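Written below as structure tokens is the structure these notes are about.
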Amino acid sequence: MTDNKEKIEFKHYTVMKQEVVDSLDCWSSDKIFVDCTLGGGGHSEEILKRISKNGRLISFDVDDDAILAASERLKDFSNITIVKGSYADIDKHLSNLGIEKITGGVIFDLGASYHQLTCAPRGFSFMHDAPLDMRFNQQSDFSAWDIVNKYCENDLVRIFSEYGEEHFSKRIAAAIVKSRPINTTLELADLIKKSTPNIKSAIHPATRVFQALRIEVNQELLNFENTLLKVINLTSVGAIISLLSFHSLEDRLAKRTLKAYSTCRCAPLAPVCTCGGKLVEIVNKKPIVASDEELKINPPSRSAKLRIAKRV
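Counted the way my numbering counts, the sequence shown spans residues 13 to 324.
This is the structure we're talking about:
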């Protein structure tokens, strides 16, 4: 956990707050809602302002800093349960709380928070010198250091290519293996810069690799995919599933999964449907993006895409 000054100064801009919570249609609702990614508590707070006192919100996070900040922000609401745990275990956590079905809706706000990306000791950024960390869960024993210093070259190439869509994955992986041990963010960023062509670009040459490391450390895509499938089965008919993503890998996964479950998944010539049939209805065929007004306030919102589905 970071020091007291950083806890107090926890900063996080809630992207597309109105659009995400509007999708739940939760005014005066007494149903059960879930915020899979509590973060700074912005979406959770807006949900709590809208639902009735008989409604209930369950919010998940593994980040101690986020839980501390959000708990303070939401201290005046009595109908929220904050769970210190991964949304990947949503079925177990809800069962422990005696909840069989999510009757109102679920939101996912994917990726790292502003606080995580800008808090230097957390090791997410190549703009500050820090240990190679990048853990959402600060109690985890596995960090970016383990990937950089222990993964074989082929596995480094794979994650840089798949999760970072990095064109120079082979060069970077070879340079990393040759230069081990690598202990800090600036060491790694400098190595990446030296091992790739000097191409004029708006983004730093280490951006894609750092994204890939973060995704691998926290198993972001795997957890999201597995949890989305669980959520489809955990939601009641009429409940909303709202997915806010920030890069193409997440958005493609969201789009593909929702499309698959919006129709029968049996073989085309199967005589009888055995898959359960259509489980969700896609609310918006094209993703909703941030408004011009929001982009003026928070330019990083430009990468956000919101996809919404209803359980049927």
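For glycine and all other residues, C-beta sits at the position ideal for the given N, C-alpha and C. Note that the structure is predicted; figures quoted are calculated from it, not measured.
Residue i: first and last residue of the uninterrupted beta strand (DSSP E) it sits in
i: residue 229; result: That residue, residue 229, is in no beta strand (DSSP E); its alpha helix (DSSP H) goes 219-230.
i: residue 96; result: 92-96
i: residue 89; result: Unbroken run through residue 89: none, as it is neither H nor E.
Rounded straight-line distance, which links the Cα of residue j to that of residue i
i: residue 320; j: residue 221; result: 30 Å
i: residue 14; j: residue 131; result: Any reading at residue 14 needs caution, since the residue's pLDDT is 45, under 50, leaving its predicted position unreliable; the model's value is listed next. Distance between the alpha carbons of residue 14 and residue 131: 9 Å.
i: residue 268; j: residue 31; result: 22 Å
i: residue 19; j: residue 133; result: Low confidence applies to residue 19: its pLDDT is 44, below 50, so where it sits in the model is not reliable, and the reading given next is rough at best. Rounded to the nearest angstrom, the two C-alpha atoms are 12 Å apart.
i: residue 294; j: residue 196; result: 44 Å
i: residue 154; j: residue 230; result: 9 Å
i: residue 43; j: residue 238; result: 24 Å
i: residue 48; j: residue 143; result: 28 Å
i: residue 108; j: residue 102; result: 10 Å
i: residue 148; j: residue 126; result: 12 Å
i: residue 182; j: residue 191; result: 14 Å
i: residue 16; j: residue 120; result: Confidence is the limiting factor: at residue 16 the pLDDT is only 42, short of 50, which leaves the residue's position unreliable, though a coordinate-based value still follows. Between residue 16 and residue 120, the C-alpha separation is close to 28 Å.
i: residue 323; j: residue 277; result: 16 Å
Extent of the continuous alpha helix (DSSP H) to which residue i belongs
i: residue 200; result: 197-207
i: residue 184; result: 181-191
i: residue 325; result: As shown, the chain starts at 13 and ends at 324. That puts residue 325 outside it, with no answer to give.
i: residue 50; result: That residue, residue 50, is in no alpha helix (DSSP H); it is neither H nor E in DSSP.
Counterpart residues of residue i in DSSP-defined beta bridges
i: residue 292; result: 323
i: residue 26; result: Residue 26 is not bridged to any residue.
i: residue 71; result: 47, 94
i: residue 317; result: 257
Residue-chain proximity (residue i, chain C), Cβ-Cβ < 8 Å
i: residue 323; result: The structure shown contains no chain C, having only a single protein chain.
Contact check, residue i vs residue j, beta carbons under 8 Å
i: residue 291; j: residue 273; result: yes
i: residue 160; j: residue 204; result: no
i: residue 78; j: residue 50; result: yes
i: residue 136; j: residue 97; result: no
i: residue 318; j: residue 270; result: no
i: residue 156; j: residue 225; result: yes
i: residue 70; j: residue 33; result: no
### Ranges of the beta strand (DSSP E) found wholly within the region 108-148, counting only runs of at least 3
117-121
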